[in-house]
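Comments concern the structure below.
Numbering (our numbering), first residue to last: 6 to 989.
Set out below in structure tokens:
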């Protein structure tokens with residue numbers, strides 16, 4: 006390699022500007038002072054030397070500018086950043102000499118006007134001469150500055166009209182030279198007029214001039230400003246204003262030059278190598294200065310390309326899309342390839358608009374395969390990105406995928422790629438800041454809709470297994486974000502994106518398939534629960550398909566129909582039609598509706614977070630939440646009991662285990678709201694239309710059993726409330742249950758009147774297992790009171806009476822249910838199992854925080870944690886019809902039996918406390934426990950004899966039994982009194 010000068014064109018131009026300014030100042034200074042010195046007779050030799058230096062600088066300036074001009078052309082198209090280019094030395098020709106030579110060639114070109122093959126040969130010969138100077142901006146700018154206006158702007162037509170076989174290759178040279186000329190830092194005089202002739206707007210319909218201009222832009226690297234103005238003035242501004250025009254040039258000339266006939270194709274091909282120009286032009290074309298319409302312009306171009314059925318146009322448009330999106334190839338040892346790059350905001354905006362335009366126009370992926378796959382690739386996670394950059398770009402990739410057509414094969418892999426990044430980056434604060442700062446939350450909140458659009462609806466399934474896995478990964482990320490936000494580490498996260506979402510179903514799927522409830526911030530889950538329940542309330546009677554049981558006697562079968570023309574699940578492609586679908590298909594759809602219920606999705610995790618559940622049911626919206634949770638409609642008629650998760654929320658919210666202070670008070674408030682919710686449910690059911698009552702006749706089994714367990718937890722409170730003989734028929738809207746602080750113990754206390762407590766039991770005792778669960782817990786409380794009676798016999802006596810009053814109401818309500826024999830046996834079996842569990846495991850358990858020696862009311866709270874399970878088929882028992890009050894006298898015989906049975910838990914407690922001696926070798930006493938079934942069967946006499954021996958007059962056992970008897974009698978008297986007040 007010969008000698009060369011290494012030049013940074015930008016730095017050299019700055020130096021030349023400074024150089025010229027300094028030269029002028031130096032000459033002015035030396036000339037002024039030389040004259041003053043001479044007038045005073047002073048020596049001016051040194052000043053003359055300075056002027057000589059200025060003369061030398063005058064000679065050097067053109068040389069520097071010449072080199073800067075050459076270097077700028079060589080650097081054209083290299084992109085942003087600092088670049089060094091090599092200029093071969095010596096540079097012997099000055100700018101003036103080069104411009105003179107360029108002018109001479111232009112004069113030859115102007116004189117060649119024959120338009121025949123001979124002229125074509127001359128154009129070719131001049132192209133070869135120009136080729137030798139194609140990177141000389143002085144020569145090239147002088148060449149074009151001295152052409153006639155027609156020759157400068159209509160050169161492609163002049164070349165093609167000669168019929169020369171070299172016209173196409175000659176145009177490459179002339180186009181490249183024009184690019185060199187436009188890049189000249191110091192172009193030849195008159196070249197500004199050439200620039201104006203290319204960038205001035207053309208009148209509508211002047212296709213010949215527009216096509217020639219665009220053809221001249223096909224080769225070489227043009228400056229962004231010149232390129233932008235030229236393509237806009239030569240077709241694209243006209244297209245932006247009205248795409249329904251003919252933009253074709255002369256087909257003969259296009260074919261002769263090997264160029265597309267469509268000017269729009271030529272403009273897009275010219276833009277593609279220049280990212281900045283592509284972004285500016287496609288956003289601004291057709292718009293007034295300062296205004297843009299990128300989305301609209303890209304959509305117009307997409308539609309235009311589809312309508313023209315022109316592969317060249319589609320390819321040019323695709324190349325422009327890739328350019329504007331920053332899809333740059335990476336050079337490797339085996340050639341170029343596409344890899345993830347850190348993209349700019351302008352590139353991200355352009356790429357998103359491009360994806361949206363193609364998708365909304367239903368473009369085929371096969372037509373834009375390179376753009377779609379390459380863009381998804383380059384917007385992946387770059388190896389050299391910072392965590393925050395990676396998070397930002399992950400959100401951009403998700404935005405691209407959500408704006409893409411869900412049916413494109415490349416869309417799902419792009420979403421899965423972001424899912425993997427979201428899962429991996431959930432514990433990286435930088436990634437999370439970038440991701441949520443770039444709108445990741447908004448994108449996540451709608452993701453389920455995009456995945457559903459890919460999957461379609463298959464029977465009752467609206468999301469594939471792969472989609473639920475993807476949602477699970479995003480759900481993991483979202484859960485982590487809620488915790489970071491709660492800790493003040495992620496201000497970019499906006500919880501309301503999910504708690505007040507655009508689409509409740511889509512937002513809830515992230516929770517459903519996300520991590521367990523304890524992995525979420527409790528406040529976020531509370532707000533999600535509130536939002537889901539408000540959503541549920543808004544659906545009114547449109548939550549589930551309506552069910553009609555079949556009747557074989559008249560030849561009908563089970564069937565389901567939509568409750569209205571537009572139920573919430575219609576957007577998921579779920580639709581019941583009993584005319585065209587068979588029973589299995591209808592059942593599958595009904596199950597699909599339940600499986601996608603947003604409220605169930607959220608409650609499934611809320612119930613795993615006691616803090617969130619308490620805050621929901623004890624908060625300002627607590628009564629509303631309770632009314633929604635204790636509701637008959639948590640079931641899919643004819644299909645399933647859907648109340649498992651609502652029941653879990655009730656239990657999580659009300660359990661006092663391990664709680665103290667304000668949190669314990671919240672649990673108590675939650676319980677009061679739950680009990681009030683049961684009353685509200687009963688009152689609401691009275692006013693429902695008959696068809697709704699048929700669909701949702703009573704609380705579903707799991708919810709009834711959950712409510713029974715909550716009531717069992719708070720039996721001591723309910724028992725103490727039995728002396729509160731409130732109004733018989735209060736206003737249904739009146740609050741009947743409340744929580745306050747007990748002045749004696751300082752602990753929260755749930756209170757309600759006797760009628761309210763009975764109404765509460767009527768709600769859950771429709772389910773025999775719920776009735777048995779509660780009755781078994783009552784036996785356990787009685788045994789616990791008996792066990793601890795020695796600590797305070799008087800308190801035990803009072804509490805035993807209250808428990809028996811409550812137990813008397815239990816028996817009355819159970820009688821009112823009028824269970825079938827099978828259901829009654831279910832109740833007894835559950836009661837026995839519950840009692841056996843209590844006696845064997847938690848009898849006498851003291852709530853953490855309770856003082857030692859406290860009796861009854863402060864024992865066993867929260868210790869009952871039997872699982873919510875089971876269910877009873879429809880029709881296995883009769884439902885309450887408001888007749889419980891009328892069975893008071895009928896129930897008296899049963900209550901007498903209950904009073905006799907009262908001896909068993911009293912005896913068990915006394916045996917456990919050591920106050921009485923257990924029987925020896927009795928068939929009705931095993932492993933420290935009394936056998937209720939044996940005692941109520943053939944061994945009743947043996948037990949009674951043992952009782953007689955251990956409960957003489959004045960003894961503690963007999964005192965406790967008499968207190969219970971008084972309670973039963975008080976309960977009966979109270980009900981009779983209320984019956985008389987009610988006119989019964």
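All residues carry an ideal CB built from backbone N, CA and C; glycine is no exception.
- Apart from sequence neighbours up to five positions away, the residues of its chain that approach residue 653 with a beta-carbon distance below 6 Å are 612, ordered along the chain.
- According to the DSSP assignment, residue 742 belongs to no alpha helix (DSSP H) but to the beta strand (DSSP E) extending over 742 to 746.
- Secondary structure at residue 222: coil, using DSSP grouped into helix, strand and coil.
- C-alpha of residue 911 to C-alpha of residue 686: approximately 36 Å in a straight line.
- Boundaries around residue 113 are those of the alpha helix (DSSP H), 100 to 116, since no beta strand (DSSP E) includes it.
- Going by C-alpha positions, residue 610 is about 48 Å away from residue 281.
- With respect to the C-alpha of residue 624, the residue from 661, 636, 675, 649 having the closest C-alpha is 675.
- Along the length of the stretch 338 to 425, whole beta strand (DSSP E) runs at least 3 residues long occupy 340 to 342, reported in chain order.
- As the crow flies, the alpha-carbon of residue 472 is around 8 Å from that of residue 457.
- One Cα belongs to residue 261, the other to residue 510, and the distance between them is close to 60 Å.
- Residue pairing by DSSP places residue 755 opposite 744 in a beta bridge.
- The three-state reading of DSSP puts residue 951 in helix, counting H, G and I together.
- Taking C-beta atoms as the reference points, residue 678 and residue 627 count as a pair closer than 7 Å.
- Here residue 644 carries a coil assignment [DSSP, helix/strand/coil].
- Distances from the alpha-carbon of residue 554 to those of 131, 402, 528, 641 put 641 closest.
- Nearest C-alpha to residue 217 among 189, 193, 275, 741: 275.
- When secondary structure is reduced to three states using DSSP, residue 541 falls in the helix class.
- The alpha carbon of residue 924 has as its nearest neighbour, out of 942, 955, 441, the alpha carbon of 955.
- Annotated three-state conformation of residue 170 is coil, per DSSP.
- Taking each of 497, 967, 176 in turn and checking the Cα distance to residue 133, the smallest one comes out for 176.
- Judged by DSSP in its simplified three-state form, residue 564 adopts strand.
- Assigned with DSSP and collapsed to three states, residue 468 falls in coil, not helix or strand.
- Using a Cβ-Cβ distance cut-off of 8 Å, the stretch 709 to 729 and the stretch 656 to 676 are in contact, since at least three pairs of beta carbons, one from each stretch, lie closer than that value.
- Cβ contact annotation for residue 834 (same chain, cutoff 8 Å, sequence separation greater than five): 777, in chain order.
- Judged by beta-carbon spacing, residue 415 lies within the 7 Å limit of residue 377, meaning their Cβ atoms are closer than that value.
- DSSP, read as helix, strand or coil, puts residue 149 in helix.
- The Cβ atoms of residue 587 and residue 530 do not sit closer than 7 Å to each other.
- A check of alpha carbon separations from residue 938 across 922, 909, 444 identifies 909 as the nearest.
- Looking at 428, 525, 440, the one whose alpha-carbon comes closest to that of residue 482 is 428.
- Positions of the alpha helix (DSSP H) runs, each at least 4 residues long and wholly inside the stretch 611 to 660, are given as 615 to 623, 627 to 634, 649 to 659 in order along the chain.
- Contact between the stretch 394 to 403 and the stretch 359 to 374 is absent, with fewer than three C-beta pairs closer than 8 Å.
- Taking every protein chain shown into account, the CB of residue 607 has 16 or more other CB atoms within 10 angstroms, so this residue is buried.
- DSSP, read as helix, strand or coil, puts residue 333 in coil.
- By the CB criterion at 7 Å, residue 329 and residue 283 fall inside the cutoff.
- Here the stretch 632 to 641 does not lie against the stretch 573 to 590, with fewer than 3 beta-carbon pairs under 8 Å apart.
- Between residue 244 and the set 289, 200, 257, the nearest pair of CA atoms involves 289.
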